[in-house]
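Q: Quick one: this structure, given as structure tokens, is what I'll be asking you about.
Numbering (my numbering), first residue to last: 261 to 580.
As structure tokens, then:
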């Protein structure tokens with residue numbers, strides 16, 4: 261009888277000793293809890309100087325915060341022209357063509373989602389010089405599509421095609437609602453990843469803006485390659501600028517009346533280097549057309565084996 265009791269106790273002990281490792285293995289190999297959807301983006305782009313000491317994912321992001329986020333994330337160059345650092349950032353985004361108006365910017369206002377998408381697409385245009393192609397397969401409209409401002413509708417559609425946005429669930433975009441800090445860093449993270457695949461060998465940007473009683477016209481070329489880019493010129497002319505009215509009528513040609521020596525030449529742009537040409541239209545020439553100018557086309561005078569130069573030029577619209 262005692263022998264039978266001992267055998268029973270031994271069997272119970274063996275049963276628990278075998279079960280314990282099995283239970284331990286189950287708990288140690290179970291999947292860790294999933295992290296919030298914005299975590300990786302917040303780690304990369306939740307800058308302390310933008311969002312403060314504590315990143316609050318559900319808090320609405322302000323217009324200035326998102327402007328500062330874009331400037332820092334994509335290293336948009338700024339000029340220190342004022343004692344207010346925020347003003348310099350807004351001016352940098354304005355010069356880059358991302359913001360069209362900074363006179364009534366409302367920096368502390370909540371940034372709505374439609375405007376956020378608009379700025380993001382304008383930033384993509386800045387990063388790529390607008391030199392990218394997408395397959396225009398119209399996505400299914402959001403259920404609240406009618407709420408999207410007409411001025412931003414094309415950019416919202418483009419953002420959906422490029423998978424920069426997906427809506428807030430249940431096929432709702434909520435274009436007029438405030439974007440959250442989490443949504444802000446996530447769309448910037450997606451934009452950064454997308455831009456890496458779209459940035460051309462040479463980014464060409466045209467720019468035109470009013471400054472005092474003049475128009476400033478710029479043409480910049482950034483070499484994104486690891487080798488030097490060479491442009492061959494048939495004369496001493498390197499570039500040209502043309503101004504048009506809203507109907508496409510030519511108003512002004514920078515090179516008209518100028519003499520250029522018929523000497524072959526080359527321009528070399530080192531890896532990572534940016535070359536910028538700038539001309540200013542002022543005086544009577546500006547006064548005669550200042551109320552008519554709608555956009556500008558900038559041209560590279562030459563050919564290159566390193567990148568495709570657009571014969572029709574590079575267009576920039578004059579901000580309202």
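Ideal Cβ positions, reconstructed from N, Cα and C, are used throughout, including at glycine.
This one's a predicted model, so the numbers in the text were calculated from it and none came from an experiment.
Contact between the region 531–538 and the region 477–495 is defined here as three or more beta-carbon pairs at a separation below 8 Å; is this criterion met?
A: Yes, they touch.
Q: Can you tell me the Cβ-Cβ gap for residue 427 and residue 402, rounded? I've got them flagged as a contact below 8 Å.
A: Contact holds; Cβ gap of about 6 Å.
Q: Which term fits residue 308, buried or exposed, when burial requires 16 or more other beta carbons within 10 angstroms of its beta carbon?
A: Under this definition residue 308 is an exposed residue.
Q: Do you know how far the Cα of residue 360 is from the Cα of residue 429?
A: Straight-line Cα distance between these residues: approximately 31 Å.
Q: Between the alpha carbons of residue 562 and residue 496, how many angstroms are there, rounded?
A: Going from the Cα of residue 562 to the Cα of residue 496 covers about 10 Å.
Q: Candidates 557, 413 and 545: which alpha carbon is nearest residue 570's?
A: Here the closest residue by C-alpha is 557.
Q: Which same chain residues, not among the five before or five after residue 479, have their C-beta less than 6 Å away from its C-beta?
A: So the qualifying residues of the chain are 466, 499, 537 and 558.
Q: To test your reading of the DSSP string, which unbroken alpha helix (DSSP H) runs of 4 or more residues are found completely within the region 514–575?
A: If we require 4 residues or more, the alpha helix (DSSP H) runs fully inside the region 514–575 come out as 543–549.
Q: I'd like to know whether the C-beta atoms of residue 501 and residue 555 end up nearer to each other than 7 Å.
A: Not in contact: residue 501 and residue 555 (Cβ atoms no closer than 7 Å).
Q: Taking C-alpha atoms, which residue in 356, 377, 357 and 326 lies nearest to residue 368?
A: When each option's Cα is compared against that of residue 368, the closest is 326.
Q: Quick check: does the Cβ of residue 346 come within less than 6 Å of any heavy atom belonging to the ligand MG?
A: Absence of the ligand MG is noted for the structure shown, with no ligands found whatsoever.
Q: In terms of residue numbering, what span does the beta strand (DSSP E) encompassing residue 504 cover?
A: Its beta strand (DSSP E) spans residues 499–504.
Q: Suppose you measure from the CA of residue 547 to the CA of residue 540; what does that come to, to the nearest Å?
A: Taking the straight line joining both Cα atoms gives about 13 Å.
Q: Quick one: what does DSSP say residue 424 is sitting in, helix, strand or coil?
A: Coil at residue 424, not helix or strand.
Q: Between 321, 353, 362 and 441, which has its C-alpha nearest residue 334's C-alpha?
A: Comparing Cα positions, the closest option is 353.
Q: Since residue 373 and residue 460 are thought to touch, with beta carbons under 8 Å apart, how far apart are those beta carbons, to the nearest angstrom?
A: Not really, about 29 Å apart at Cβ, beyond 8 Å.
Q: Here's the rule: buried if 16 or more other CB atoms are within 10 angstroms of the residue's CB, otherwise exposed. What is residue 283?
A: Low confidence applies here, because residue 283 scores a pLDDT of 28, under 50, leaving its location unreliable; read the following figure in that light. Classification of residue 283: exposed, given that the 10 Å Cβ count is below 16.
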